[in-house]
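Visitor:
There are 2 protein chains.
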Amino acid sequence: MAHPPLIDVHSHVVPQELPADPTGGAIGAWPSVVCEACRTKAQVFMGKRPFREIDDRSWSPTRRIEDMDQDGVAAQALSPMPELLSYWLDPNPALELARHVNGAIGQMVAARPDRFFGLGTVPLQDPELAAKEARDLKTRFGLTGVEVGSNVAGAYLGDVRFDPFFAVCEAEGLAIFVHSLHPLQARDLSRHPMLVPFAGFTVDTGLCAASLIMDGVLERFPGLRIGFSHGGGVLAPLLHRMEFGWGSTNGFEGKLPQSPKAYARRFFYDSLVYDEAYLEHLATQIAPGQICLGTDYPYLIQQPDPRAFIEGGAARTGVSDTIWNDAARRFLGVSETASAGREVNHG
Amino acid sequence: MAHPPLIDVHSHVVPQELPADPTGGAIGAWPSVVCEACRTKAQVFMGKRPFREIDDRSWSPTRRIEDMDQDGVAAQALSPMPELLSYWLDPNPALELARHVNGAIGQMVAARPDRFFGLGTVPLQDPELAAKEARDLKTRFGLTGVEVGSNVAGAYLGDVRFDPFFAVCEAEGLAIFVHSLHPLQARDLSRHPMLVPFAGFTVDTGLCAASLIMDGVLERFPGLRIGFSHGGGVLAPLLHRMEFGWGSTNGFEGKLPQSPKAYARRFFYDSLVYDEAYLEHLATQIAPGQICLGTDYPYLIQQPDPRAFIEGGAARTGVSDTIWNDAARRFLGVSETASAGREVNHG
Chain P
1 MAHPPLIDVH
11 SHVVPQELPA
21 DPTGGAIGAW
31 PSVVCEACRT
41 KAQVFMGKRP
51 FREIDDRSWS
61 PTRRIEDMDQ
71 DGVAAQALSP
81 MPELLSYWLD
91 PNPALELARH
101 VNGAIGQMVA
111 ARPDRFFGLG
121 TVPLQDPELA
131 AKEARDLKTR
141 FGLTGVEVGS
151 NVAGAYLGDV
161 RFDPFFAVCE
171 AEGLAIFVHS
181 LHPLQARDLS
191 RHPMLVPFAG
201 FTVDTGLCAA
211 SLIMDGVLER
221 FPGLRIGFSH
231 GGGVLAPLLH
241 RMEFGWGSTN
251 GFEGKLPQSP
261 KAYARRFFYD
271 SLVYDEAYLE
281 HLATQIAPGQ
291 ICLGTDYPYL
301 IQQPDPRAFI
311 EGGAARTGVS
321 DTIWNDAARR
331 FLGVSETASA
341 GREVNHG
Chain E
1001 MAHPPLIDVH
1011 SHVVPQELPA
1021 DPTGGAIGAW
1031 PSVVCEACRT
1041 KAQVFMGKRP
1051 FREIDDRSWS
1061 PTRRIEDMDQ
1071 DGVAAQALSP
1081 MPELLSYWLD
1091 PNPALELARH
1101 VNGAIGQMVA
1111 ARPDRFFGLG
1121 TVPLQDPELA
1131 AKEARDLKTR
1141 FGLTGVEVGS
1151 NVAGAYLGDV
1161 RFDPFFAVCE
1171 AEGLAIFVHS
1181 LHPLQARDLS
1191 RHPMLVPFAG
1201 FTVDTGLCAA
1211 SLIMDGVLER
1221 FPGLRIGFSH
1231 GGGVLAPLLH
1241 RMEFGWGSTN
1251 GFEGKLPQSP
1261 KAYARRFFYD
1271 SLVYDEAYLE
1281 HLATQIAPGQ
1291 ICLGTDYPYL
1301 IQQPDPRAFI
1311 EGGAARTGVS
1321 DTIWNDAARR
1331 FLGVSETASA
1341 GREVNHG
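Protein sequences appear in the order of chains P and E. Residue numbers 1 to 347, in the numbering used here, belong to the letters of the first sequence in order. Residue numbers 1001 to 1347, in the numbering used here, belong to the letters of the second sequence in order.
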């Protein structure tokens, strides 16, 4: 069945090759990729620790496009596998790594500008350095935005220390894609290890979004375009309570000029919430018109058959019209005449 | 307008008098109540730290019943102000305090058995001691259940250390009301203090519920009746991801016999979610028939006009029939012929 062009804002990349640890092996968490048979099996290491098995879907435009054609995805926004954000490294080697990753993503976009948009990374453990680097992301690498972890070495993004970075993103029109990373809750869940991937990631994303709202980031930088993976995690139930609190306390004693829900409506959210009724809640109650398709391609807990998911969800009010590509275009800041994502693809 | 009898499962008590610190002042967080003009103004201290301003609504059956009549509430389940759970004290003084609080709640129930049910407290920092004490809660104090913090000194409730307590609750038919307390996330939110009450409490409740599910407590104790304040906090979005993970991993490699949503449907949830559409999501997608009215009376962020809230929500599928009193009776384990909550009250 024909459908509008579908843009997936949530898909990850690991370059097939990563630079060597510039200190010659002294950095414990420096990432590397070791190939057995690369098409089907490679291993990402963080230092000496095996981190994740991947295959050429992580770097091959050709292989990705085969899958996209099958899934009816016209264009993907490519972002680094979150572990590559490397906020735990020293800023200078982190910058070197970030430039390599940004270059690899930029090359994939350059190879198939009709099918890919690029989201890069900057070393936010040093906000001034990150701000400086963000200035060149578009021109140097051909990227449309930047992926950011839900917390940066323990700090949620509402912290004023990140203002220099947000100022550049606003000025340059960079899309900011927030993805859960090293959830702070993991520390409390050592006796409940299954809760880390299934609950911790979702919580950390929600707390990050709540921080951006309550700490006034959208008030200071009204032009920012921020999108959240996994539908903003647990933001919706937090937001209802925050909204009630705002109304009961005269706007938190005047500290927050607009209501939490007014800010939340300006964010974008991907659709990776694993439940159509919850997606409807987001699309109708939290952020009408702001839900983008996000699949988490090519990882394990990815959205299967995004078209069927959307078309199921499209039976419900408010999800259907903008989720195919309109919300994604507004989030990424690309026009309908941009080269990628114009074609309808039939699986 | 006439409506079915309304039972509020979420209302708190502070006794007007608390016992003196048995060590003569050595315990830093021992609670006390200092009256200025008790009817209108009293102060709860935790040790020397002023904790909360209260008034006689916290202990007076007469005063509460005036408000209940105005709000159309037939019966309240009385539970301790969560800070009184005192899991941070040594077990023996904590037991002494718990018995005093349980006695005070028991007296309120005895004074007006037509309007109150009682939920007590046990010193869960010592699970064996808590289990022993739980055996007598019904007969000694006339209570129908126990309030429990979302974490106990840093441990979520799915931890096997709490099994002895759950075994007694199951055997005695005690209702367990889980309320957020000292959210573990607070530690990460020191630069975002507003997020602690508005996001941290909600997150901690959700992680506690997720822990009870994923750690198999309902599998080990299928007869437990557990209810969560604030609609289970952030459980709903966590649950959707957990359910997808369960389905993608052969039940977490066989570790969890039933799906997370199957367990979640057996919990009870109060209605204090500050949003009718989110309440509908809980009532239709998470736990049909298991939503109870909860107001958080008599505190600041309480549900105003519960009848109007329910009657608004009742226009939506699945919320209306059981929320008035049926779910609360099943949660509390009290029959329709129980003395409290039989009358319709008109405001």
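Here a beta-carbon is modelled for each residue, glycine too, at the ideal position from N, C-alpha and C.
#1: Rounded to the nearest angstrom, what separates E/PRO1257 and E/LEU1282 at their Cα positions?
#2: Tell me whether the stretch 1174 to 1181 of chain E and the stretch 213 to 229 of chain P touch, counting them as touching only if at least three CB pairs, one residue from each stretch, are closer than 8 Å.
#3: Excluding the 5 residues flanking P/TYR289 on each side, which residues of the same chain have their C-beta closer than 7 Å to its C-beta?
#4: Using alpha carbons as the reference points, say which of P/LYS41, P/GLN43, P/ARG63 and P/THR121 lies closest to P/TYR297.
#5: So with Cβ pairs under 8 Å, would you call P/GLY158 a contact of chain E?
#6: Under the criterion of a Cβ to heavy atom distance below 7 Å, does E/GLY1254 qualify as lining the ligand MG?
#7: On the DSSP bridge list, what partners appear for P/PHE45?
#8: Below 8 Å on the Cβ atoms is my contact criterion, and I expect E/ALA1134 with E/LEU1174 to pass it. Report the Cβ-Cβ distance as a whole number of Å.
#9: I'd like the span of the beta strand (DSSP E) that includes E/GLU1083, first residue to last.
#10: Can you name, in chain order, every residue of its own chain whose Cβ lies under 7 Å from the Cβ of P/GLY333, other than the five neighbours on each side?
#11: Buried or exposed: which applies to E/ASN1250, given that a residue is buried once 16 or more other Cβ atoms fall within 10 Å of its Cβ?
#12: Use the C-beta contact count for E/GLN1185: other C-beta atoms within 10 angstroms, 16 or more gives buried, fewer gives exposed.
#13: Looking at P/VAL203 and E/VAL1122, is the spacing between their C-beta atoms short of 8 Å?
#14: Check for me: the beta strand (DSSP E) holding P/ASP8 runs from which residue to which?
#15: How would you list, in chain order, the residues of chain P whose beta-carbon sits under 9 Å from the beta-carbon of E/THR1295?
#16: Any C-beta of chain E sitting closer than 8 Å to the C-beta of P/GLN290?
#17: Taking three-plus beta-carbon pairs below 8 Å as touching, is the stretch 71 to 86 of chain P in contact with the stretch 144 to 156 of chain P?
#18: Hey, quick one: how far does the alpha helix (DSSP H) through E/ILE1065 stretch, first residue to last?
#19: How far does the alpha helix (DSSP H) with E/ARG1039 in it reach, from first residue to last?
#20: Please state the DSSP three-state secondary structure of P/ALA153.
#21: At 7 Å on the CB atoms, spell out the chain P contacts of E/SER1211, in chain order.
#22: I believe P/LEU272 touches P/GLN303 by the beta-carbon criterion, under 8 Å. Please report the beta-carbon distance rounded to the nearest angstrom.
#23: Since P/GLY118 is in the beta strand (DSSP E), which residue starts that stretch and which ends it?
#24: Near E/GLY1028, which residues of its chain fall below 7 Å by C-beta distance, leaving aside the five closest residues on each side in sequence?
#25: Counting only the same chain and skipping the five closest in sequence on each side, list residues whose C-beta sits under 7 Å from that of E/GLU1096.
#26: Would you grab the beta carbon distance between E/ASP1159 and E/ASP1305 for me? Rounded to a whole angstrom, and I think it's under 8 Å.
#27: Determine, for P/ASP215, whether the minimum Cβ-Cβ distance to residues of chain E falls below 8 Å.
#28: Using the rule of at least 16 other Cβ atoms within 10 Å of the residue's Cβ for burial, across every protein chain shown, is E/ARG1329 buried or exposed?
#29: Since P/GLY72 meets chain E, which of its residues come closer than 7 Å, beta carbon to beta carbon?
#30: Using 10 angstroms around the beta-carbon of P/GLU243, count the other beta-carbons present and answer buried if the total reaches 16, otherwise exposed.
#31: Can you tell which of E/ALA1210, E/LEU1124 and E/ALA1042 has its C-alpha closest to the C-alpha of P/PRO197?
#32: Per DSSP, what are the beta-bridge partners of P/TYR297 in this structure?
#33: Taking a contact to mean a Cβ-Cβ separation below 8 Å, would you say E/LEU1119 touches E/LEU1078 in this structure?
#34: Across which residues does DSSP place P/GLN76 in a beta bridge pair?
#35: Which word fits P/VAL344, buried or exposed, when buried means at least 16 other C-beta atoms lie within 10 angstroms of its C-beta?
#36: Tell me which residues share the same chain as P/GLY347 and place their Cβ nearer than 8 Å to its Cβ, disregarding the 5 neighbours each side in the sequence.
Guide: Reading from the atomic positions:
#1: As a working note, residue 1257 of chain E is residue 257 in the second sequence. As a working note, residue 1282 of chain E is residue 282 in the second sequence. C-alpha separation (whole angstroms): 23 Å.
#2: no
#3: One-based indexing of the first sequence puts residue 289 of chain P at position 289. Inspection of the sequence shows that residue 289 of chain P is occupied by Gly rather than by Tyr. Within the same chain, P/GLY289 has close Cβ partners THR322 and ALA327.
#4: For the purposes of this step, residue 297 of chain P is identified with residue 297 of the first sequence, where counting begins at 1. Ranking P/LYS41, P/GLN43, P/ARG63 and P/THR121 by Cα distance to P/TYR297 puts P/ARG63 first.
#5: Counting from one through the first sequence, the residue named residue 158 of chain P turns up at place 158. Output row for P/GLY158: interface = yes.
#6: This structure simply doesn't include the ligand MG, nor any ligand for that matter.
#7: Residue numbering aside, residue 45 of chain P sits at position 45 when the first sequence is read from its first letter. According to DSSP, which records beta bridges pairwise, P/PHE45 is partnered with P/SER32 and P/PRO50.
#8: As a working mapping, residue 1134 of chain E is identified with position 134 in the second sequence. As a working mapping, residue 1174 of chain E is identified with position 174 in the second sequence. Contact flag correct, Cβ pair sits at about 6 Å.
#9: Locating residue 1083 of chain E in the second sequence gives position 83, counting from the first residue. Run containing E/GLU1083: none; DSSP gives neither H nor E here.
#10: As a position in the first sequence, residue 333 of chain P is number 333, starting the count at 1. Result list for P/GLY333: THR144, GLY173, ALA175 and ARG225, in chain order.
#11: Sequence index remark: in the second sequence, residue 1250 of chain E carries index 250 (1-based). Flag for E/ASN1250 reads exposed.
#12: What you label residue 1185 of chain E is simply residue 185 of the second sequence in a count that begins at 1. So E/GLN1185 counts as buried.
#13: Indexing the second sequence from 1 puts residue 1122 of chain E at position 122. Indexing the first sequence from 1 puts residue 203 of chain P at position 203. Result no, Cβ atoms of E/VAL1122 and P/VAL203 do not sit closer than 8 Å.
#14: If you number the first sequence from 1, residue 8 of chain P lands on position 8. Element bounds for P/ASP8: 7 to 13.
#15: Here residue 1295 of chain E is taken as the residue at index 295 of the second sequence, counted from 1. Simply none; closest approach about 13 Å.
#16: Start at 1 with the first residue of the first sequence, and residue 290 of chain P comes out as number 290. No, no contact with chain E.
#17: yes
#18: Your numbering for residue 1065 of chain E matches position 65 in the second sequence. Run containing E/ILE1065: 1061 to 1071, per the alpha helix (DSSP H) assignment.
#19: Here residue 1039 of chain E refers to the residue found at position 39 when the second sequence is read from its first residue. Looking at the DSSP string, E/ARG1039 is not in any alpha helix (DSSP H), and its letter there is neither H nor E.
#20: Translated into the one-based positions of the first sequence, residue 153 of chain P becomes position 153. Residue state, collapsed to three classes: coil.
#21: Against the second sequence, residue 1211 of chain E aligns to sequence position 211. Here the neighbours are HIS192 and LEU195.
#22: Counting from one through the first sequence, the residue named residue 272 of chain P turns up at place 272. Counting from one through the first sequence, the residue named residue 303 of chain P turns up at place 303. At roughly 6 Å, the Cβ-Cβ gap stays under 8 Å, so P/LEU272 and P/GLN303 are in contact.
#23: Numbered from its first residue, the first sequence carries residue 118 of chain P at position 118. First-last of the beta strand (DSSP E) with P/GLY118: 116 to 120.
#24: Along the second sequence, one-based indexing puts residue 1028 of chain E at 28. These residues qualify, in order along the chain: GLY1047.
#25: Sequence index remark: in the second sequence, residue 1096 of chain E carries index 96 (1-based). Here the set comprises PRO1019 and PRO1022.
#26: Within the second sequence, the letter at position 159 stands for residue 1159 of chain E. Within the second sequence, the letter at position 305 stands for residue 1305 of chain E. In fact, because the Cβ distance is near 39 Å, the residues do not count as touching under 8 Å.
#27: Translated into positions along the first sequence, residue 215 of chain P becomes position 215. Closer than 8 Å: yes.
#28: Mapped onto the second sequence, residue 1329 of chain E falls at position 329. So E/ARG1329 ends up on the buried side.
#29: Taking the first residue of the first sequence as position 1, residue 72 of chain P is located at position 72. Within 7 Å Cβ-Cβ: nothing; P/GLY72 doesn't reach chain E, min ~21 Å.
#30: The residue labelled residue 243 of chain P in the question sits at position 243 within the first sequence. Its Cβ being crowded by 16 or more others within 10 Å, P/GLU243 is buried.
#31: Counting from one through the first sequence, the residue named residue 197 of chain P turns up at place 197. Ranking the options by Cα distance to P/PRO197, first place goes to E/ALA1210.
#32: Here residue 297 of chain P refers to the residue found at position 297 of the first sequence. In DSSP, P/TYR297 forms a bridge with P/SER11.
#33: As a working mapping, residue 1119 of chain E is identified with position 119 in the second sequence. As a working mapping, residue 1078 of chain E is identified with position 78 in the second sequence. Contact flag set, yes.
#34: Taking the first sequence and counting its residues from 1, one reaches residue 76 of chain P at position 76. Answer is P/ASP8 and P/PHE116.
#35: One-based indexing of the first sequence puts residue 344 of chain P at position 344. Because the pLDDT at P/VAL344 is just 46, under 50, the model does not fix this residue reliably, and the point stays unresolved.
#36: As a first step, residue 347 of chain P must be located in the first sequence, where it is residue number 347. Confidence in P/GLY347 is poor, its pLDDT being 36 and thus under 50, which makes the residue's placement too unreliable to answer from.
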